[in-house]
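In the numbering used here, the protein residues as written are 151 to 400. C-beta atoms are modelled at their ideal positions from N, C-alpha and C, and glycine is treated no differently. Values in this document were obtained by computation on a predicted structure and should not be read as measured data.
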Ligand SMILES: NC(=O)c1ccc[n+]([C@@H]2O[C@H](COP(=O)([O-])OP(=O)(O)OC[C@H]3O[C@@H](n4cnc5c(N)ncnc54)[C@H](OP(=O)(O)O)[C@@H]3O)[C@@H](O)[C@H]2O)c1
């Protein structure tokens with residue numbers, strides 16, 4: 151183990167100590183892919199990486215996914231692989247593409263929220279009873295991640311897991327709205343397929359995010375890179391270094 155290796159308990163305890171945070175998670179191959187060109191993605195990570203997602207879910211008030219992930223995977227977004235309570239489920243679905251029978255909308259006693267644009271101009275499908283609709287942004291353009299976080303915080307949801315997919319994670323990262331990023335890399339090479347992230351281009355390597363990162367090797371060979379985006383490997387804020395906007399996690 152080198153001096154960046156850390157046991158998982160220490161990594162999670164540090165995160166758990168904070169009353170409000172945004173942690174992103176991503177499972178990817180060695181060559182930075184999250185799915186084959188066909189869209190097949192289950193499962194790039196091994197069992198330990200999957201356990202880690204459930205562990206993060208159990209630590210937060212709410213898990214966020216984009217509607218693209220719901221359409222591709224129809225995830226439950228519950229805690230099943232580890233002990234713990236399932237968080238509220240939040241889907242960013244600006245234009246009402248979310249199918250009413252999506253599994254994450256099922257009424258199991260957990261809060262379910264859908265983030266949308268102002269509904270006036272849109273014909274939105276009816277959703278099951280009990281769904282909280284969170285209206286953010288204007289008639290078009292991306293929804294500001296900070297506005298989404300503010301709206302969730304106003305509803306008592308302060309510890310947030312952004313679980314994907316790449317568009318959603320990239321938007322939060324580009325906006326400086328992520329405090330931690332847990333990337334689980336599996337020792338597999340896909341060679342083609344969907345890239346893990348697509349951030350705004352930078353002009354120089356000096357602008358790259360270089361977060362302070364702890365590494366944990368799981369028993370099945372998957373490796374967790376636990377990135378602290380508020381600290382760079384050089385000591386200052388990674389987001390500051392990259393000249394990206396800093397969100398307030400309050
Ligand atoms: N490996 C992993 O860890 C992991 C995790 C999750 C998902 N995935 C994979 O990721 C793929 C789906 O990813 P994706 O990037 O296509 O979809 P996504 O990020 O799940 O959803 C993207 C969509 O969500 C809406 N959205 C999200 N953030 C928004 C914002 N700030 N402003 C406006 N709209 C926003 C938009 O919907 P509209 O287009 O309707 O405007 C956008 O097109 C699937 O293949 C899935 O299997 C992998």
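Problem - Proximity of residue 318 and residue 173 at Cβ, strictly below 8 angstroms - result: No, Cβ-Cβ distance for residue 318 and residue 173 is not below 8 angstroms.
Practice task
Consider the C-beta atom of residue 168 and the heavy atoms of ligand 1; say whether any pair is separated by less than 7 angstroms.
Solution key: No, since every heavy atom of ligand 1 falls outside the 7 angstroms radius drawn around the Cβ of residue 168.
Problem - CB-CB length for residue 232 against residue 201, believed under 8 angstroms - result: Between residue 201 and residue 232 the Cβ distance is about 6 angstroms, and since that is below 8 angstroms, they are a contact.
Practice task
Compute the distance between the beta-carbons of residue 281 and residue 265, then report whether it is under 8 angstroms.
Solution key: No.
Problem - Segment contact flag, the stretch 330-347 with the stretch 245-261, C-beta cutoff 8 angstroms, min 3 pairs - result: Touching, no, given that fewer than three Cβ pairs across the two stretches are closer than 8 angstroms.
Practice task
Would you kindly report the start and end of the unbroken alpha helix (DSSP H) that includes residue 250?
Solution key: From DSSP, residue 250 is part of no alpha helix (DSSP H); its letter is neither H nor E.
Problem - Cβ-heavy atom distance, residue 282 to ligand 1, below 7 angstroms - result: False, no ligand heavy atom lies under 7 angstroms from that Cβ.
Handout entry: Close beta carbons around residue 295, own chain, < 6 angstroms, minus the five adjacent residues each side
Key = The residues are 321, 322, 325 and 327.
Handout entry: Near ligand 1: residue 191 beta-carbon under 7 angstroms from a heavy atom
Key = Residue 191: yes, Cβ under 7 angstroms from ligand 1.
Exercise for the section: Identify which residue in 305, 378 and 260 has its Cα closest to the Cα of residue 161. Expected result: Of the listed residues, the one whose Cα sits closest to residue 161 is 378.
Exercise for the section: Starting from residue 334, trace the beta strand (DSSP E) both ways and give me its first and last residue. Expected result: Here the beta strand (DSSP E) through residue 334 covers 330-336.
Exercise for the section: Confirm the yes/no value for this check: CB of residue 178, any heavy atom of ligand 1, distance under 7 angstroms. Expected result: Answer for residue 178: yes, Cβ within range of ligand 1.
Handout entry: From 237, 297, 285 and 316, residue whose alpha carbon lies closest to that of residue 269
Key = The residue among 237, 297, 285 and 316 with its C-alpha nearest the C-alpha of residue 269 is 285.
Exercise for the section: Kindly examine ligand 1 and report whether one of its heavy atoms sits closer than 7 angstroms to the Cβ of residue 244. Expected result: Checking the Cβ of residue 244 against ligand 1 gives yes.
Practice task
Go to residue 300, then tell me how far its alpha helix (DSSP H) extends in each direction, as first and last residue.
Solution key: 295-304 is the span of the alpha helix (DSSP H), which, as asked, contains residue 300.
Problem - Interface flag, residue 238 vs chain D, CB-CB below 8 angstroms - result: The structure shown contains no chain D; it is built from a single protein chain.
Exercise for the section: Compute every distance between the C-beta of residue 219 and the non-hydrogen atoms of ligand 1, then say whether any falls below 7 angstroms. Expected result: Result yes, Cβ under 7 angstroms from ligand 1.
Problem - Simplified DSSP assignment, three categories, for residue 190 - result: DSSP places residue 190 in coil when its eight states are reduced to three.
Exercise for the section: Can you have a look at residue 152 and say buried or exposed, based on whether 16 or more other CB atoms are within 10 angstroms of its CB? Expected result: Low local confidence applies: a pLDDT of 49 at residue 152 is under 50, so the model's placement there is unreliable, with the coordinate-based value given in what follows. It counts as exposed.
Exercise for the section: Have a look at 193, 279 and 292 and flag the residue whose alpha-carbon is nearest the alpha-carbon of residue 335. Expected result: Taking residue 335 as reference, the option from 193, 279 and 292 with the minimal CA-CA separation is 193.
Handout entry: The beta strand (DSSP E) enclosing residue 281, as first and last residue numbers
Key = Per DSSP, residue 281 belongs to the beta strand (DSSP E) from 281-285.
Handout entry: Cβ-Cβ distance between residue 278 and residue 254 below 8 angstroms
Key = Their beta carbons are not under 8 angstroms apart, which means residue 278 does not touch residue 254 by this criterion.
Problem - Residue from 220, 178, 290 and 300 whose Cα sits closest to the Cα of residue 251 - result: With distances taken between Cα atoms, residue 251 lies closest to 220.
Problem - Spatial distance of residue 210 from residue 315 (CA atoms) - result: Cα to Cα, the separation comes out at about 18 angstroms.
Practice task
Note down, one range per segment and in chain order, each alpha helix (DSSP H) of at least 4 residues found wholly within the stretch 332-378.
Solution key: None, since the stretch 332-378 contains no complete alpha helix (DSSP H) of that length.
Practice task
Taking only runs that begin and end inside the stretch 171-235, name each unbroken beta strand (DSSP E) of 3 or more residues, in chain order.
Solution key: You should have 171-179, 183-185 and 212-216.
Practice task
Please classify residue 314: does DSSP put it in a helix, a strand, or coil?
Solution key: Of the three classes helix, strand and coil, the one that applies to residue 314 here is strand, per DSSP.
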